[in-house]
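Participant: Once you know that position 191 of the sequence shown is 172 in the numbering used here, the rest is easy, because the numbers rise by one and skip nothing.
Backbone N, C-alpha and C fix where the C-beta goes; we use that ideal spot for every residue, glycine too.
Structure provided below as structure tokens; questions to follow.
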Amino acid sequence: MKPFHGRLCYLLLVLFLLAGIGLCASAAERKPNILVIVADDLGYGELSCQGNPQIPTPQIDSLARNGVRFTSGYVSGPYCSPTRAALMTGRYQQRYGHEFNPGPAQAADVHFGLSLKEKTIGNRFKELGYATGWFGKSHLGYLPEYHPLKRGFDEYFGFLGGAHDYLDAAADGHNPILRGTNRVSNIDYTTDAFGREAVAFIEKHKAEPWLCYFPFNAVHAPLESTEKYLSRFDKIEQTKRRTFAAMLSAMDDAVGAVLAKLREYHLEEDTLIFFISDNGGPTRQTTSGNGPLRGFKAQTWEGGIRVPWIIQWKGHITPGQVDDRPVIQMDILPTALAAAGVSCDAGWKLDGVNLLPYVTGSKSAPPHEALYWRFGQQIAIRMGDWKLVKAPGGGTGPGEQTGKASTANAQLYNLKKDIGEKENLAETEPGKFKELAAAWDKWNAELVDPLWVPRPGPGKAAKQKKRNANQ
């Protein structure tokens, strides 16, 4: 009996060890979760980790402390919908006509939305077997074919337009809050609601890899908050600024709730996290400040296109890095795919690059030889420390509706020495001007005309009508 008992114990021990090895292998083979957080109209200078002492943002700051904060982080346009399109596809939005926010069509057969010929980050991760969720703003098309559930996402809670009331789900009957395709009749505060939905998604899918796209409407206008957040900023006397501070604080809390859920299920080291803004701050409208940068939202000055830009992947990326190499939101897709073990096919023609070799120390060179912008007549190119830019004031004036742009009369700046774009070097550095202009012209020749032009507001429409009458 004793020999049999010994053999039985030995067999059980072997089975136990094999099971343990299997569990370890399973854990090691699990693909990482992907969390993409997008703030709306958040200026470069507003986070406390970016130097703002007025509004504490400890949760977002923790991402920078535990990861990489890019001080030359960009988006591919100075405006909401186009930059979101490029994030979704990893491609410059001008390659498929999404140069402006959806507006009056250039042709009768044009619909207003992200081209159905383009694959989204949702499509690509759904093909990998990921659970995919989208919680917040879309601004990529109203028609059914543009709904997130038709673009690779399993779950959706948010609104399809460019802005929404924070406190009233039914404020705009044409742009409702939706759960899937069903209207939601009541919300407490959109920032809180989107945070809860993201938390619930993570809890629901904690045992499988997931992609969570989490685009706030905060801190976009209208400026609205609740007393819970307003009470934190009693010392700010200016009403508009106080409300903005409350909105940013609410967003920070929502980010914190998601991070707490990751930690509860020991998922933080299994989750690659990105945090960006969709464009620079419209300071005059909302007080959203761009720090030392020139310009605002809707301009190709640095203040319109350089944004807070953070990556965290605990256990994989050395924490506390501050990196001044230029990156752009199109890098999110190839970086996330690389983390999931996927090499991007050259046939996809992505403009973004995989940032993992750069943030892990494998590559020291800049990820991009150059970055490019075209927004109607506004243009820009950044190559190394140099930037060529033409930004005649922003907005949607008549020239900016044509999509016809050139480098004529552009201005040249050395951003390393002049981050505020104050000293135009176009005349003193003609060789550098020609180099950047030639590179921009070559890129511009690859683009298509915009599928639609901006929809001007009543004031702009009246001014344009008067201008046309005088011509």
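So, using beta-carbon positions, are residue 178 and residue 242 closer together than 8 Å?
Facilitator: Contact flag unset, no.
Participant: Closer than 7 Å by C-beta to residue 47: which residues in its own chain qualify, once you throw out the five before and the five after it? Chain order, please.
Facilitator: The answer, listed in chain order, is 293, 295 and 300.
Participant: Using a threshold of 8 Å, state whether the C-beta atoms of residue 59 and residue 270 are closer than that.
Facilitator: Against a cut-off of 8 Å, the Cβ pair of residue 270 and residue 59 comes out as no contact.
Participant: Please report how far the alpha carbon of residue 369 lies from the alpha carbon of residue 363, in whole angstroms.
Facilitator: In a straight line, the C-alpha of residue 369 is about 7 Å away from that of residue 363.
Participant: How would you call residue 8, buried or exposed, if buried means at least 16 neighbouring beta carbons within 10 angstroms?
Facilitator: For residue 8, the predicted structure reports a pLDDT of 46, less than 50, and the residue's modelled location is therefore unreliable. The matter cannot be settled from this model.
Participant: Nearest to residue 216 by alpha carbon, out of 35, 40, 246 and 84?
Facilitator: Checking every option, the nearest Cα to that of residue 216 belongs to 35.
Participant: Just to confirm before moving on: does the CB-CB distance between residue 231 and residue 181 stay below 8 Å?
Facilitator: Contact flag unset, no.
Participant: So does the region 67 to 87 actually touch the region 425 to 432, counting three or more Cβ pairs closer than 8 Å?
Facilitator: Touching, per the Cβ criterion.
Participant: Is residue 139 closer than 8 Å to residue 93 when the C-beta atoms are compared?
Facilitator: Not in contact: residue 93 and residue 139 (Cβ atoms no closer than 8 Å).
Participant: Strictly by DSSP, which residues pair up with residue 193?
Facilitator: For residue 193, which the question treats as bridged, DSSP gives the partners 16 and 114.
Participant: Excluding the 5 residues flanking residue 152 on each side, which residues of the same chain have their C-beta closer than 6 Å to its C-beta?
Facilitator: Result list for residue 152: 146, in chain order.
Participant: Can you tell me whether residue 199 is helix, strand or coil according to DSSP?
Facilitator: Residue state, collapsed to three classes: coil.
Participant: Taking contact to mean at least 3 C-beta pairs separated by less than 8 Å, is the region 243 to 251 in contact with the region 221 to 228?
Facilitator: No, because fewer than three Cβ pairs between the region 243 to 251 and the region 221 to 228 fall closer than 8 Å, the two stretches do not touch.
Participant: Applying the 10 Å Cβ sphere with the 16-neighbour rule, what's the burial state of residue 303?
Facilitator: The residue is exposed, with fewer than 16 neighbouring Cβ atoms inside 10 Å.
Participant: Quick one: residues in its chain with C-beta nearer than 8 Å to the C-beta of residue 62, no 5 flanking neighbours on either side, listed in chain order?
Facilitator: Cβ neighbours of residue 62 beyond the five flanking positions: 79, 81, 82, 83, 120, 121 and 143.
Participant: Between residue 50 and residue 291, which are expected to be in contact by the criterion C-beta below 8 Å, what is the C-beta distance as a whole number of angstroms?
Facilitator: Sure, about 5 Å apart at Cβ, within 8 Å.
Participant: Which of the three DSSP states is assigned to residue 442 in this structure?
Facilitator: For residue 442, the pLDDT reaches just 45, beneath the cut-off of 50, and the residue's location in the model is therefore unreliable, leaving the point undetermined.
Participant: Looking only at DSSP bridge pairs, what is residue 136 linked to?
Facilitator: Note: residue 136 sits in a beta bridge opposite 114.
Participant: Three or more C-beta pairs closer than 8 Å, one from the region 126 to 136 and one from the region 326 to 339: is that the case here?
Facilitator: The region 126 to 136 vs the region 326 to 339: no contact.
Participant: In angstroms, rounded to a whole number, what distance separates the CA positions of residue 96 and residue 72?
Facilitator: Spanning the two alpha carbons is a distance of roughly 12 Å.
Participant: Quick check: the region 10 to 30 against the region 106 to 121, are there 3 or more CB pairs under 8 Å?
Facilitator: They touch, by the three-pair rule.
Participant: Check each candidate in 209, 192 and 208 and name the one with the smallest Cα separation from residue 252.
Facilitator: Nearest C-alpha to residue 252: 192.
Participant: Could you say if the region 263 to 283 and the region 314 to 321 meet the contact criterion of at least three C-beta pairs nearer than 8 Å?
Facilitator: No, they do not touch.
Participant: Residue 219: buried (16+ other C-beta within 10 angstroms of its C-beta) or exposed?
Facilitator: Result: exposed.
Participant: On the CB-based measure, 16 or more other CB atoms within 10 Å of its CB, does residue 155 come out buried or exposed?
Facilitator: The residue is exposed, with fewer than 16 neighbouring Cβ atoms inside 10 Å.
Participant: Tell me whether residue 6 is buried or exposed, calling it buried when 16 or more other Cβ atoms sit within 10 Å of its Cβ.
Facilitator: Any answer about residue 6 is weak, because its pLDDT of 40 lies below 50 and its placement is not dependable; what the coordinates show is given next. Result: exposed.
Participant: Going by C-alpha distance, which of 22, 68 and 99 is nearest residue 328?
Facilitator: The option with the nearest alpha carbon to residue 328 is 99.
Participant: In the region 215 to 288, which residue ranges form an unbroken alpha helix (DSSP H) of at least 4 residues, counting only runs that do not cross its ends?
Facilitator: You should have 220 to 245, 264 to 267 and 283 to 286.
Participant: Quick one: Cα of residue 455 to Cα of residue 32, how far?
Facilitator: Any question about residue 455 goes unanswered here, given that the chain covers just -18 to 452.
Participant: Go ahead and pull the three-state DSSP assignment for residue 425.
Facilitator: Three-state result, residue 425: helix.
Participant: Using the rule of at least 16 other Cβ atoms within 10 Å of the residue's Cβ for burial, across every protein chain shown, is residue 411 buried or exposed?
Facilitator: Classification of residue 411: exposed, given that the 10 Å Cβ count is below 16.
Participant: Looking at C-alpha atoms only, which residue of 346, 56, 201 and 176 is the closest neighbour of residue 356?
Facilitator: Checked all of 346, 56, 201 and 176; the closest Cα to residue 356 is 56.
Participant: Do residue 236 and residue 75 have their C-beta atoms closer together than 8 Å?
Facilitator: In this structure, residue 75 does not lie closer than 8 Å to residue 236 by Cβ.
Participant: Quick check for students: name the residue ranges of the beta strand (DSSP E) that lie wholly in the region 153 to 197, counting only runs of 3 or more.
Facilitator: If we require 3 residues or more, the beta strand (DSSP E) runs fully inside the region 153 to 197 come out as 191 to 196.
Participant: Can you tell me which of the three DSSP states residue 379 falls into?
Facilitator: Unreliable positioning characterises residue 379 in this predicted model, as indicated by a pLDDT of 41, which lies under 50. The coordinate reading is nonetheless provided below. In the structure shown, residue 379 sits in coil (DSSP, three-state: anything other than H, G, I, E or B).
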